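Visitor: Once you've had a glance at the structure underneath, I'll fire off some questions.
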Amino acid sequence: MKRFCPTAPIIAVRLVLPLVGRYSSSPDGNLSEGIGYYENEEYQQAVDAFTKIIRTDPRHVDAYLLQGAAHSMLGQYQGAIKDFDTAIRLKPDHALGYYNKGYAYDELGKFESAITEYDKAIQLNPDLGVVYLKRRTELSFVIFIAGQKIVLTSL
620 MKRFCPTAPI IAVRLVLPLV GRYSSSPDGN LSEGIGYYEN EEYQQAVDAF
670 TKIIRTDPRH VDAYLLQGAA HSMLGQYQGA IKDFDTAIRL KPDHALGYYN
720 KGYAYDELGK FESAITEYDK AIQLNPDLGV VYLKRRTELS FVIFIAGQKI
770 VLTSL
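Here our numbering is used: the first residue of the sequence shown is 620, the next is one more, and so on.
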């Protein structure tokens with residue numbers, strides 16, 4: 620069953636948008652270009668723009684995060700997970716890296732892995748409300764699949 624959550628990788632772009640001004644005049648100014656492609660739903664061009672940044676600066680956490688979001692929108696979830704893993708390796712306290720990795724696992728049908736990543740995101744940033752919603756949805760779905768009828772009233 621294909622379930623779509625329009626807030627998933629898009630949240631990465633919305634939360635990184637304030638950074639665009641910081642990068643627009645730097646050598647990795649392609650960040651704003653990539654975000655523009657992403658917002659116009661030109662996801663492959665976004666990936667290409669973020670790849671240019673990563674070639675210049677292989678430690679650019681935001682470029683990996685955004686490239687992963689674009690890979691997710693292209694349905695390239697394994698590539699997205701690889702990008703999110705790199706972002707997390709570079710910045711282990713990056714809640715959005717875990718959140719977006721959870722989304723990719725969700726889309727691959729790996730719901731328990733998704734829940735694990737959502738839990739890490741919540742632990743790092745309890746104020747990231749959308750993660751609670753996604754975690755609860757996945758937990759409900761896993762319980763439903765297991766054939767148990769359990770009503771969740773709280774996280």
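Yeah, the Cβ is synthetic: ideal placement off N, Cα and C, and Gly gets one too.
Treat the numbers as computed from the prediction; the structure is a model and nothing was measured.
What did DSSP end up calling residue 708 once you bin it into helix, strand or coil?
Guide: Residue 708: helix per DSSP, three-state reduction.
Visitor: Could you tell me the boundaries of the alpha helix (DSSP H) in which residue 690 lies?
Guide: Its alpha helix (DSSP H) spans residues 680 to 692.
Visitor: Within the same chain, show all residues whose beta-carbon is closer than 6 Å to that of residue 693, passing over the 5 residues directly before and after it, in chain order.
Guide: Hits under 6 Å: 662.
Visitor: Closer than 8 Å is the cut-off here; do at least three beta carbon pairs connect the segment 687 to 702 with the segment 716 to 731?
Guide: Touching, per the Cβ criterion.
Visitor: Would you kindly work out how many angstroms separate the C-alpha atoms of residue 652 and residue 719, rounded to a whole number?
Guide: Near 21 Å, if we compare the C-alpha coordinates of residue 719 and residue 652.
Visitor: Three-state secondary structure (DSSP) at residue 727?
Guide: Here residue 727 sits in coil by DSSP.
Visitor: Does DSSP put residue 659 in a helix, in a strand, or in coil?
Guide: Coil.
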